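Student:
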Amino acid sequence: MREAGSNRRWWKKAGSGLLAGLVVVGVVRSCTGVENESSLTAQDAHHLCTEAIKAAAPNAAQVEIPYKAARETVKVFSFIWRTGDGLKMPDPFGDQHDTAVVCRVGKERREVVHLEIDGETVLPQ
11 MREAGSNRRW WKKAGSGLLA GLVVVGVVRS CTGVENESSL TAQDAHHLCT
61 EAIKAAAPNA AQVEIPYKAA RETVKVFSFI WRTGDGLKMP DPFGDQHDTA
111 VVCRVGKERR EVVHLEIDGE TVLPQ
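Just so we're aligned: the sequence shown equals residues 11 to 135 in my numbering.
#1: Helix, strand or coil: how does DSSP classify Asp-108 here?
#2: Check Thr-93 in the structure and name its three-state DSSP category.
#3: Provide the residue(s) that pair with Ser-49 in DSSP beta bridges, ordered along the chain.
#4: In terms of alpha-carbon separation, which member of Asp-105, Pro-100, Trp-91 lies closest to Gly-129?
#5: Would Lys-78 pass as a contact of Ala-70 if the rule is Cβ separation under 7 Å?
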């Protein structure tokens with residue numbers, strides 16, 4: 011059995027690289043003027059979360075993300091997958107696991123503002 015501490019350290023390392031990548035994507039989108047705030051849809055937000063989740067995984071090709079309806083507030087779209095909802099991610103050793111994920115996309119910033127995987131914050135709010 012692998013230690014939980016080593017998995018936590020791995021998620022934190024993955025999160026720092028993920029954050030840098032998402033910032034670049036946000037800057038490119040805002041500079042190109044491709045989309046405006048009013049056009050962000052739940053489907054767009056789901057896509058951003060899917061990309062962030064895959065970027066945090068050791069092997070994006072093995073990630074299985076089932077559809078999840080968005081919970082929407084004035085400021086964010088939230089997606090919550092609980093253990094058993096069918097979201098599966100590989101660990102650093104390639105073993106697939108049911109995974110609990112919370113992902114929030116800020117409407118104003120049009121980017122993932124919070125990503126939590128199995129209780130560990132990968133991207134802070």
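Quick reminder that beta carbons are idealized off the backbone N, C-alpha and C, glycines included.
Here the structure is a predicted model, which is why all the values come from computation and not from measurement.
Tutor: Looking at the coordinates:
#1: Asp-108: strand per DSSP, three-state reduction.
#2: In this structure, Thr-93 counts as coil in the three-state DSSP scheme.
#3: Its beta-bridge partners do not exist; DSSP assigns none.
#4: For Gly-129, the nearest C-alpha among the options comes from Trp-91.
#5: Result no, Cβ atoms of Lys-78 and Ala-70 do not sit closer than 7 Å.
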